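Okay, structure first, notes after.
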Amino acid sequence: MKEVLEALEQSEDEKKTENPGLMIISLHSCGNLIHHALNALIANDEVKAVAVVGCCYNLMTERTGPTYKPPYQKYIPAENTPIPSNCLNHHFPLSARLSSQSITLNITARMMAVQAPRNWTQTTSSDFFKRHFYRALLQRIFFEKGVLSATEPLIVGSLRKAAYMGFYEYVTSAVRKILNAASGDVGSSVGEGVKAKIKEVGLDNIGREEVESYERRYGKGLKELSIMWTLMAFCAGCVESLVVVDRWSYLKESGKCRIVKVEAAFEYGISPRNLVIVGVK
27 MKEVLEALEQ SEDEKKTENP GLMIISLHSC GNLIHHALNA LIANDEVKAV AVVGCCYNLM
87 TERTGPTYKP PYQKYIPAEN TPIPSNCLNH HFPLSARLSS QSITLNITAR MMAVQAPRNW
147 TQTTSSDFFK RHFYRALLQR IFFEKGVLSA TEPLIVGSLR KAAYMGFYEY VTSAVRKILN
207 AASGDVGSSV GEGVKAKIKE VGLDNIGREE VESYERRYGK GLKELSIMWT LMAFCAGCVE
267 SLVVVDRWSY LKESGKCRIV KVEAAFEYGI SPRNLVIVGV K
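All letters in the sequence shown, in the order written, are residues 27 to 307 by the numbering used here.
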């Protein structure tokens, strides 16, 4: 960090112009927040350096692929063309290096990037797999009831711990959350359409026996899902590295920084999201 501190030392001329010499420091910023920090360094002359650690790659938006954030919202992706060097970008991929090679991720890959299988324990992994099994089974119910098509995703988001006491509790909690979600601010008809369909097929009043019948029918899928998720989770480092390289390349391509590097800020055991991106003008 010596280079960063030196960059913040103001000369006498800088003091006369009241240039504050700002530095942006960010620890575990979710999704696109890192992108905004990098853009601030590139576009704002008063920002002299950044030292940022990213997190929650699943919350990133993608420039060339669909992103289902906020829930129920869809947008038409832009053409997969390189970003001009003089244009700020806020979506993955940031850099011309990756966008010129048509490199994209999807929500599944971005979810994998936040996994830390080396930190898993038997208890935490069991709970993790159960949550994802419940979510997959809920998707099956939605599909069989005609609420969603086979390829139409729906983000439910986090639920209270009590929702995972059993599959029936999960289904009722998830349906309640979807029905109570505000959709007027997303400018999308998908949200209201899903809500209407849920009520039309009676999922807002689904009985315990029917819900548990799904769990009995597809129960063996829990083991299959656990194996698949474990194998996928071991790709986390590859996906995260791709994201970090994109952000590093974006700063290099800007031509605004004399120093651009990536370092491990702390041990993996403290936090698996430990890669700090440093940029110094």
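Backbone N, C-alpha and C define an ideal beta-carbon position, used for all residues, glycine too. What you are looking at is a predicted structure, and each value in this text was computed from that prediction instead of being measured.
Selected residue, minimal CA-CA separation from residue i, among the options
i: residue 87; options: 68, 127, 115, 250; result: 115
i: residue 138; options: 275, 262, 279; result: 262
i: residue 205; options: 220, 195, 193; result: 220
i: residue 228; options: 171, 235, 83; result: 171
i: residue 311; options: 122, 286, 84; result: With the chain running from 27 to 307 in the structure shown, residue 311 is simply not present.
i: residue 258; options: 173, 234, 140; result: 140
i: residue 82; options: 68, 163, 54, 71; result: 54
i: residue 131; options: 158, 181, 117, 274; result: 117
i: residue 66; options: 80, 48, 135; result: 48
i: residue 289; options: 271, 283, 162, 276; result: 271
i: residue 183; options: 167, 168, 169, 201; result: 201
i: residue 303; options: 195, 293, 190, 273; result: 273
i: residue 177; options: 185, 162, 222, 60; result: 162
Alpha carbon of residue i to alpha carbon of residue j, nearest angstrom
i: residue 224; j: residue 175; result: 13 Å
i: residue 124; j: residue 268; result: 9 Å
i: residue 165; j: residue 63; result: 36 Å
i: residue 280; j: residue 76; result: 14 Å
i: residue 127; j: residue 120; result: 12 Å
i: residue 159; j: residue 234; result: 18 Å
i: residue 226; j: residue 173; result: 9 Å
i: residue 154; j: residue 283; result: 41 Å
i: residue 291; j: residue 52; result: 12 Å
i: residue 199; j: residue 192; result: 11 Å
Beta-bridge partners of residue i, as assigned by DSSP
i: residue 156; result: Looking at the DSSP assignment, residue 156 forms no beta bridge with any residue, so it has no partner.
i: residue 56; result: 81
i: residue 118; result: 88
Bounding residues of the alpha helix (DSSP H) (the contiguous stretch that carries residue i)
i: residue 139; result: 133 to 139
i: residue 125; result: 122 to 125
i: residue 260; result: That residue, residue 260, is in no alpha helix (DSSP H); it is neither H nor E in DSSP.
i: residue 193; result: 193 to 206
Within-9 Å CB hit, residue i to chain B
i: residue 63; result: You won't find chain B in this structure, because it holds only one protein chain.
Residue i: first and last residue of the uninterrupted beta strand (DSSP E) it sits in
i: residue 76; result: 73 to 81
Assigned secondary structure, residue i (DSSP; H/G/I helix, E/B strand, else coil)
i: residue 247; result: helix
i: residue 49; result: strand
i: residue 283; result: coil
i: residue 290; result: strand
i: residue 298; result: coil
i: residue 303; result: strand
i: residue 178; result: coil
i: residue 98; result: Any answer about residue 98 is weak, because its pLDDT of 44 lies below 50 and its placement is not dependable; what the coordinates show is given next. Of the three classes helix, strand and coil, the one that applies to residue 98 here is coil, per DSSP.
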